[in-house]
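Residues 1 to 610 in UniProt numbering are what the sequence shown lists, from first letter to last. Let me begin by presenting the structure, written as structure tokens, before commenting on it.
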Amino acid sequence: MKQMMSGVQQLGRALMLPIAVLPAAALLLRLGQPDWLELIAPDMVGQGDNAISMLHATLPFIGAAGGALFSQLGILFAIGVAVGFAREGHGAAALAGVVAYFVTLSGAEALLTVPPDVLAGVPDGLAGLVANDYRDGLMARVHVPVGIICGATAGMLYNRYANIALPEYLAFFGGRRFVPIAAAVAGLGYALLLGLTVEAIVAGMEQASRAILDAGGIGLFVYGLLNRLLIVTGLHHIINNLAWFQVGNFQGAAGDLNRFFAGDPEAGGFMSGFFPVMMFGLPAACYAMYRQARPERRKEVGGMLGSMALTSFLTGVTEPIEFTFMFLAPALFALHAVLTGVAMALMDFLQVKLGFGFSAGLFDYVINFGDATNPLLLIPVGLAYAAIYYFVFSFAIRWLDLKTPGREPAAAGIAAASGSSAAASGGGLTAATGFVVALGGAGNLVSIGACTTRLRLEIKKQDLVDEAALRALGAKGFVRPSANTLQVIIGPTAERVADEIRAAMSGPAAATAPAEIAGSAKTTAGKVRADLPEAIAHLLAGPAGLGAAWLAGTNRLIIESGIRDNLDTDALAKLGVYAVKPAGDAAVSQFLIVDDALRQQVFASASLGA
């Protein structure tokens, strides 16, 4: 069961890569529609050889470019999912995914038999064309699922056979070159299975689509509810793909998202309800958290909450907000899921049909405004949702005394702030090395991936992960789907952070777990440089019994004794040194050192006693 869940988790991550091209496709498709140009310059369109008329004439070219991406979604999924499953995202897996995809579709199409009633009354000269149209239309309904299956197969084949060694006379076909060959064989098996069953599969998809669409508001409510509840595990990507790329059919375009951009006036039901929540509700929740923060800490957390609110409003990326209260108040998160379901049903009841290429933010709302139905109704619904979220969150935070940002104990707040500052001041690989250290060292990391907002990691030991250090580096929350998988919610920069972590994996400070940092230096009592500030000197070489001290990673000082009552924490804080609650042994104290120069000074002092 755990292995199956891990595989589904990996599929959810892999699906995000091909979906990432949809904003570009949606933008090109929208810019290719003539109405936006006719709206802003109606008097110049078609009036002579002016620039507007020339631009108007090129719009079909732009629209065709965007339409091409939507018509080839199956190939994009075959490539993207293969890369997502393969170790290191190697291109050989992408090639294998395309090979399996083409073999599957072409082989299955060759096995199809055209029913006699399709050709009834068709002239002999057109019979071949009609038969080909029938086959193409039938296969078009399964392009996306076939792409996903072939991509996943190719990725797994790469992981299994990328290093295969063949006999010398076949050595040229060994290693990575063997993977596309194996994928072709797998595609042949899929072609046989699909060719014999595709008509039944498509008929079943049609019946399921009709049942879902006929469910109306109830079906949309359930979808919205599950979409938010499953975000904890990342499995919401699975049901999103079913709704956006499979449910319903309009002139060959399958799925709510495809149908919307193909001009289906009934499409958009599985997207419209997200707009009130993402553009209005969750930003209002951020404002509620800001207002409920301690007065002296509002300035400190205001930037973070404002950034998360703006990200949600503009782009529809909401996970950083949701993970600030998901585990603090599960009942509040459940209410958020219910409100999302209600928004889906309400927008459908009001006949509001909105669409997006990426997510339900302002950018997509403006870009697709001309293709939407009753788009202005979003404003009153959104304002109502903003009020509901603000008052519900304000009441819940006060009544339940939730430790939302700005309401944590002072020491924890200082540590988080200082950790963020340290990461920012270090920048680049400094922060990335901090992530590696906090994750238990390079030896604890098996694989590193990312989706839109979270790091998706496979690790050896969960107990080596330092959540406090990760939060200090900007993590918003954590999900552990299994004993060896970890998801760290970062925000829209997750992919960049994952790349930097991979680059930092070979760094000396990242080589081992925090307790065994390569190149770390210890110091014993009495061996401290005289030019250190008094508070630091007292910390390192105070009374007997302090024990050894050493630097771990990029900004953390570890001392082998509990934090003593007579430490001058105010003086340390002025120097940018803050106490952190130990993650493990209570006899070990940890301090974050913000200033680079001071950190190097302490490290040099520690080296004297090594």
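All C-beta atoms in this analysis are idealised placements derived from N, C-alpha and C, irrespective of residue type, glycine included.
Thinking just about the alpha-carbon of each residue, which of the options is nearest to the one in residue i?
i, options, result
"N444", "D466, A431, G355", "D466"
"T58", "G195, G66, Y190, G32", "G32"
"S482", "A127, I459, A475", "I459"
"F270", "V202, A208, L305, V352", "V352"
"A208", "L192, G248, T113", "G248"
"R228", "T340, G137, L188, N132", "T340"
"A131", "R141, D117, V142", "D117"
"F250", "G273, E206, N241", "E206"
"G273", "G252, R176, L225", "L225"
"G434", "A472, K403, T453, L457", "A472"
"A284", "I239, G189, G382", "G382"
"R177", "L194, N159, L192", "N159"
"A267", "A215, G355, M279", "G355"
"A86", "L15, G189, I52, L28", "L15"
For residue i and residue j, what's the separation of their Cα atoms in angstroms?
i, j, result
"Q246", "I19", "14 angstroms"
"T315", "V366", "11 angstroms"
"L332", "I501", "33 angstroms"
"E319", "G281", "13 angstroms"
"I489", "E408", "19 angstroms"
"residue 660", "C286", "Any property of residue 660 remains undetermined from this structure, which presents the chain solely from 1 to 610."
"I164", "A93", "14 angstroms"
"A371", "P265", "According to the sequence shown, residue 371 is Asp rather than Ala. About 9 angstroms."
"R141", "S312", "33 angstroms"
"L346", "K461", "45 angstroms"
"V185", "A100", "8 angstroms"
"V277", "A120", "51 angstroms"
"residue 611", "A171", "A question about residue 611 goes unanswered here, because the residues of the chain that appear run from 1 up to 610."
"A262", "A253", "7 angstroms"
"V202", "G97", "23 angstroms"
"A438", "L464", "8 angstroms"
"L105", "A183", "13 angstroms"
"L73", "H143", "7 angstroms"
"R454", "A494", "5 angstroms"
"I212", "R298", "45 angstroms"
"S394", "R496", "34 angstroms"
"Y389", "L335", "10 angstroms"
"E199", "L138", "7 angstroms"
"G84", "L193", "25 angstroms"
"F478", "A127", "59 angstroms"
Classify residue i as helix, strand or coil using the three-state DSSP reduction.
i, result
"residue 683", "The question about residue 683 has no answer, for the chain in this structure spans 1 to 610."
"A82", "helix"
"K403", "coil"
"A285", "helix"
"V21", "coil"
"A254", "strand"
"S482", "strand"
"N368", "coil"
"E467", "helix"
"E319", "helix"
"M326", "coil"
"Q33", "coil"
"E266", "coil"
Locate the beta strand (DSSP E) running through residue i, then write down its first and last residues.
i, result
"Q487", "485-489"
Strictly by DSSP, which residues pair up with residue i?
i, result
"V445", "Checking the sequence shown, residue 445 turns out to be Leu, not Val. L445 pairs with I459."
"A450", "L455"
"K353", "T373"
"V146", "Looking at the DSSP assignment, V146 forms no beta bridge with any residue, so it has no partner."
"G477", "I489"
"I241", "What sits at residue 241 in the sequence shown is Asn, not Ile. In DSSP, N241 forms no bridge with anything."
"N132", "In the DSSP output, where bridge partners are listed per residue, N132 has none listed."
"residue 612", "Since the first residue shown for the chain is 1 and the last is 610, residue 612 is missing from the structure and cannot be characterised."
For the alpha helix (DSSP H) that contains residue i, what are its first and last residues?
i, result
"G195", "178-214"
"P330", "330-349"
"L15", "Element bounds for L15: n/a, residue is neither H nor E."
"S359", "No alpha helix (DSSP H) contains S359, which DSSP labels as neither H nor E."
"I164", "It is not in any alpha helix (DSSP H) - I164 carries neither H nor E in the DSSP assignment."
"G91", "91-111"
"A120", "No alpha helix (DSSP H) contains A120, which DSSP labels as neither H nor E."
"T311", "298-315"
"A498", "494-504"
"M54", "51-71"
"F269", "It should be noted that the sequence gives Gly, not Phe, for residue 269. Where G269 is concerned, the enclosing alpha helix (DSSP H) stretches over 269-272."
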